[in-house]
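Novice: Heads up, the sequence shown is in our numbering, so the first residue is 203 and it goes up one at a time. Have a look at the structure that comes next, please.
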Amino acid sequence: AAAAVYDKPPERASKMTFSYPFLEFGILPNDLQVEKEFVVKNLTIEPMKWKIVEVKYNIDTLPHMEVFKSGNISCDGGEFSCICQEQKIRYTVAKKGPVSWVSMLLLFSISEDNSVECESLCIVTYEIINYEVTVNGRSEGLALCPMKILYTGIPETITVRLENHSPIRGVFYFLKPFGDHSQYVNIQVSPSNGILKPFKPVLVDITISGTEVGIFEDVFIPCFISKGQKCAILRMLCAVDCVHLAMYLPGSDQYYQKIMWPPKVLFEYDDNWMFCPCSLEYDPEMMPSEMNAQSPTTYNERYNVDIADAEEQELTFRPGDNTPVASDERIIYDECLSGSKSEKTSDTVSKSDELKGGLLRELLQEQFGEQLFLQERIVEVRNIQLKTPTKITFYLENITPVQSKYTVDAINFHTNKNFDITTCKLHFKKAEDIWNDMITNEYGILVLPDSKEGNLISFGLVEVNLTVFSNTWGIYQEEIAVDVPDIPCFTFSLLVEVVGCPVSYPLATSKITEYPTVRFESAAYHSDEIQRKVKILNTSCVPVNIVWEKFMQALSKAGNKIKNDIDINNLFTITPCESHLEKDSHHFLQITMTPKNIPPLEKLIQITCSLIGNLHLEEHHRKKLNYFFRPTYLENPNQIRMEVLSALELPVLRSDFLKENITMRFYANEVIFDRKFDDRTTLVFHNTHSCVAEVEMSIDDPLEILDTKSRREGTNIYVVQPLSTLEITIKCNIDYQRILNFSDIVYPKKDADIDELKEKFNVQSVDTELKILHIQRNLTILHKGDIEKAVALDVYIYYPDIYAKPSVLRLDQIFLGNTRKTLVTVFNNTGYLITFEIFKSLASEVLYVSPHYGEIKKSTGFNKSFCNIFIYFTPREARQYSESIRIVTNIPNYFIEIPIKATGSINEKFYVDYKI
């Protein structure tokens, strides 16, 4: 409050007076309450009453003068009892809205006779105006946006213009930001407070730095602007991102597949936002020209990399002239890959089109099924040769201004040793031995990044090389993990196909022939045995079993091809026919040719025998889920192969007109019910030679050869005249006892050894799901005691196969004494009649089954024959029942069991008036 100022006693004879003749408040902002204090003083010694009246002056309206009764003064009357007595009074300005004010305070004295006199006058003046402060030219509803994507840890400054459009001075003070998203950004304001001079602007820098990734809309910065004024609220809108990479993975041929990582995330924007390029991700064409210079494409154009807005595409990646020159260590590293300075290592990457791209993937899926785990991104590399280091290159591009680091790891086939470049430089070891020493796992393969970690500079490009070296063939499944802080780890599957023969033949190699060749001189028909020894080395990391098979190609003297004219088992003998080689070991294979076992022919033929070694591995060496699969036998296109060359002539019976699959079929119930105990088939062989063919034929039980007129009495030798045919009948004998014996394999017990039963009954295979037994017997055709060929005959026995729906009965709660009826349908999956009988569990008083026996007719096509069985359940006690019925077929050890679950209840709500 202003201190009271006293003037000299007036010269006129006033009885009392105001301390101020004027109360000048000046220009005031709206909504501000202001007070001033003044004094009414008694100038006489007489007791005196007084009264103050405020008269407002209206210059623009009539009446111009009016008494104002709003109560602006704290006290408008009183009484003085002595001289110089004072009364302090407060005048309050609380006017709302703009106004110009002029009023007069009239001080009246009231004497004892109630006469009133005006003793003093005080003029009150002020003007109230709106206090107008704008932020960037707007007084409210201001949204600030950096007009670009922000990145975590990288600050961005926005300059805000505060301007006071009022003739009075004000202040500003920025308070702590608030809002749901304010915790995810750091905001610094400089200056955070200050004075707003009339009609003068103030520039304020607001620096924002994101701590989390996202689009933040609920960030509000309050700014206090003078007392009595409403706070200005600045809304901050920003999109904050972290480091982003463009991954270039090898695709087809020279093309690379571009993958944005992390993947794009589409956000929903408020339609009330102003135009903001944050929503345009990295599209430079939509950004202002001054921002386009900072676009990530600047770096990419410098390196001739075509980066489009698509998240994933294939593109040709060709680094330009600015690619860094390789260091000395890099050159030595490449020399170590190739093994010499003159050779260069070329990348071999898979073609990811529809014809070839899925080959390795499909092979692995066939082996492991749904258990196979592959990453979404897959790189396939094929035809890597054994013991040949191969370099696979992919690229990382930082498309953001955020500097970061990366690490590259091979998950499955890494090494625990450090690459010793000195050994390569001084040539202490051969390149093959160096890489073999680096393999520390049991799989025989190494995937080694040339640099496991490095820096990602702003908008920088990094080349990452993976070296693959393997001493064992197979399809390997590796996972490459690229880890960059603040973003998810990027992982892709690397499928590597290593090809090549796992064995070598040091003495049989030739640069002229395609395959190792063993040559026998031309031999007479009855000459003695001729032997050759071949050394075989196992160069892989796993023990292998090799089963040798012989495939023959015969040519006449004129060079024409002759098919199936030589029984190679009589001519050539492999000892041993099964070879077991431990890893890094050798073995000798003996090949014996016995011409005297071959009947003489008139013509001379050239014989080319291909010895194929089919690999057999133990299961844990053949495949391991999510690690490797090593193809063996016919799965492997690069089989172990040798060529054996000789010259002979050999007559054999032709079987060109035989069916490829000679099959006889039985239904087990057909044997039991209709007594069909045998089936027959006829085979015809042709002797196309000009000499008599003598062959010995035999076949194992249950098949037998019926006697023919061509059979030599007392022997199994058949004589076929030149250019004639031999017709034989094969009979298969299946009786009731065999059906019962074989049923132990079709319907095995829980602890039964299937392989032991198959070996016991000499059964090739059994399908326990479809209830089919497969017996295969070979009709063996011998020439002079040696196996010439074998004709396979297949016997299929179809056993009863039924199933029930539902397979489990859950009757829930049943009121005691109440009977619930349930239907069970039994289906026949076979093409012959099946009989059955139903047995109940011991608690027979609660179960009744109808019918309890019956038969199901044969099924045809997709229509399954069936029989309906009704089950009546009547609980006698309030407890849980766990019963079952057993449906037993005419095969004693084949049945299906249906569990029945129910609960007897005394709760009447479960009573059902069910008519049975």
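Each residue gets a CB set at the ideal place from its N, CA and C atoms; glycine is no exception.
Kindly identify the DSSP beta-bridge partner or partners of Gln385.
Specialist: Its beta-bridge partners do not exist; DSSP assigns none.
Novice: For Leu447, count neighbouring Cβ atoms within 10 angstroms of its own Cβ and tell me buried if that reaches 16, exposed if not.
Specialist: Its Cβ being crowded by 16 or more others within 10 Å, Leu447 is buried.
Novice: Could you please give me the residues that DSSP links to Ala849 through a beta bridge?
Specialist: DSSP, once it has assigned bridges, lists Gln808 as partnering Ala849.
Novice: Any idea what DSSP makes of Ile659, helix, strand or coil?
Specialist: Here Ile659 sits in coil by DSSP.
Novice: Suppose only complete runs of 3+ residues qualify. What are the beta strand (DSSP E) ranges in the stretch 339-383, listed by chain order?
Specialist: As far as the stretch 339-383 is concerned, its whole beta strand (DSSP E) runs of at least 3 residues are 344-346, 358-366 and 372-376.
Novice: Does Gln459 pass the burial test, meaning 16 or more other C-beta atoms within 10 Å, or should it be called exposed?
Specialist: With 16 or more Cβ atoms within 10 Å of its Cβ, Gln459 is classed as buried.
Novice: DSSP has Ala143 in a bridge; who is on the other side?
Specialist: There is no way to answer for residue 143, as the model of the chain reaches only from 203 to 1118.
Novice: If you reduce the DSSP assignment to three classes, tell me which class Trp637 lands in.
Specialist: It is helical.
Novice: On a Cα-Cα basis, can you pick out the residue from Met267, Trp675, Thr693 and Thr674 that is closest to Tyr608?
Specialist: When each option's Cα is compared against that of Tyr608, the closest is Thr693.
Novice: Grab me the residues of Tyr717's own chain with a C-beta within less than 7 Å of its C-beta, minus the 5 sequence neighbours each way, in chain order.
Specialist: Here the set comprises Arg843, Met844 and Glu845.
Novice: To the nearest angstrom, report how far apart Asn366 and Ile397 are at their CA atoms.
Specialist: So the two alpha carbons sit approximately 10 Å from each other.
Novice: Going residue by residue through the stretch 574-621, where are the continuous beta strand (DSSP E) segments of at least 3 residues, counting only ones entirely within it?
Specialist: Within the stretch 574-621, the complete beta strand (DSSP E) runs of at least 3 residues are 580-587, 592-600 and 606-612.
Novice: For Ser1107, which three-state DSSP category applies?
Specialist: It is a strand residue.
Novice: Is the beta carbon of Met438 sitting closer than 8 Å to the one on Ile423?
Specialist: In this structure, Ile423 lies closer than 8 Å to Met438 by Cβ.
Novice: Grouping DSSP H, G and I as helix and E and B as strand, with all else coil, what is Asp946?
Specialist: Asp946: helix per DSSP, three-state reduction.
Novice: Closest to Thr902 by CA distance: which of Arg914, Tyr328, Ile974 and Ile983 is it?
Specialist: With the sequence shown as reference, residue 902 is identified as Asp, and Thr is not the correct amino acid for it. Looking at the Cα atoms, Ile983 is the closest of the given residues.
Novice: Restricting to runs no shorter than 4 residues, where is the alpha helix (DSSP H) found entirely within the stretch 856-921?
Specialist: The stretch 856-921 contains these whole alpha helix (DSSP H) runs: 870-876.
Novice: Which whole-angstrom value is the C-beta distance of Leu773 and Ile800, which I expect to be below 8 Å?
Specialist: With 8 Å as the limit, Leu773 and Ile800 qualify as a contact, their Cβ atoms being about 6 Å apart.
Novice: Nearest-angstrom Cα distance between Cys478 and Asn388?
Specialist: For Cys478, the predicted structure reports a pLDDT of 44, less than 50, and the residue's modelled location is therefore unreliable. A value from the coordinates is still provided. In a straight line, the C-alpha of Cys478 is about 21 Å away from that of Asn388.
Novice: Using only CA atoms, which one of Cys811, Ile254 and Glu329 lies nearest to Val318?
Specialist: Closest by alpha carbon: Ile254.
Novice: In terms of DSSP beta bridges, what is Arg832 paired with?
Specialist: Arg832 pairs with nothing; no bridge assigned.
Novice: Under DSSP, the beta strand (DSSP E) around Lys962 begins and ends at which residues?
Specialist: Run containing Lys962: none in the beta strand (DSSP E); it sits in the alpha helix (DSSP H), Ile956 to Phe963.
Novice: By DSSP's criteria, Tyr1000 is part of a beta bridge. Which residues make up the other side?
Specialist: Per DSSP, Tyr869 and Ile974.
Novice: May I have the straight-line CA-CA distance separating Leu964 from Asn1030, to the nearest angstrom?
Specialist: Per the sequence presented here, residue 964 reads as Asn, with Leu not at that position. Each residue's alpha carbon lies about 28 Å from the other.
Novice: Going by other Cβ atoms of all chains shown within 10 Å of its Cβ, with 16 needed for buried, is Ser695 buried or exposed?
Specialist: Looking at its Cβ environment, which holds 16 or more other Cβ atoms inside 10 Å, Ser695 is buried.
Novice: How would you write the range of the beta strand (DSSP E) that Leu827 sits in, first residue to last?
Specialist: From DSSP, Leu827 is part of no beta strand (DSSP E); its letter is neither H nor E.
Novice: Taking the alpha helix (DSSP H) that Arg1078 falls in, what are its first and last residues?
Specialist: Where Arg1078 is concerned, there is no enclosing alpha helix (DSSP H), given that its DSSP letter is neither H nor E.
Novice: Looking only at its own chain, which residues have a Cβ that is under 6 Å from the Cβ of Val527, when we skip the five neighbours before and after it?
Specialist: Low confidence applies to Val527: its pLDDT is 36, below 50, so where it sits in the model is not reliable, and the reading given next is rough at best. None.
Novice: For the alpha helix (DSSP H) that contains Leu561, what are its first and last residues?
Specialist: From DSSP, the alpha helix (DSSP H) with Leu561 extends over Leu561 to Phe570.
Novice: Pull the bridge partners of Tyr1005 from the DSSP assignment, please.
Specialist: Its beta-bridge partners are Phe1029.
Novice: DSSP puts Val335 in a beta bridge; with which residues?
Specialist: For Val335, which the question treats as bridged, DSSP gives the partners Asn366.
Novice: Is the beta carbon of Phe1041 sitting closer than 8 Å to the one on Val1090?
Specialist: Yes. Within cutoff.
Novice: Check the C-beta distance from Val362 over to Ile408 and give it rounded, since I have them as a contact under 8 Å.
Specialist: Val362 to Ile408, Cβ: 6 Å. Contact.
Novice: Use the C-beta contact count for Glu1110: other C-beta atoms within 10 angstroms, 16 or more gives buried, fewer gives exposed.
Specialist: It is exposed - the Cβ of Glu1110 has fewer than 16 other Cβ atoms within 10 Å.
Novice: Within 8 Å, do at least three Cβ pairs link the stretch 330-346 to the stretch 229-239?
Specialist: A contact exists between the stretch 229-239 and the stretch 330-346.
Novice: DSSP three-state label for His823, please.
Specialist: His823: helix per DSSP, three-state reduction.
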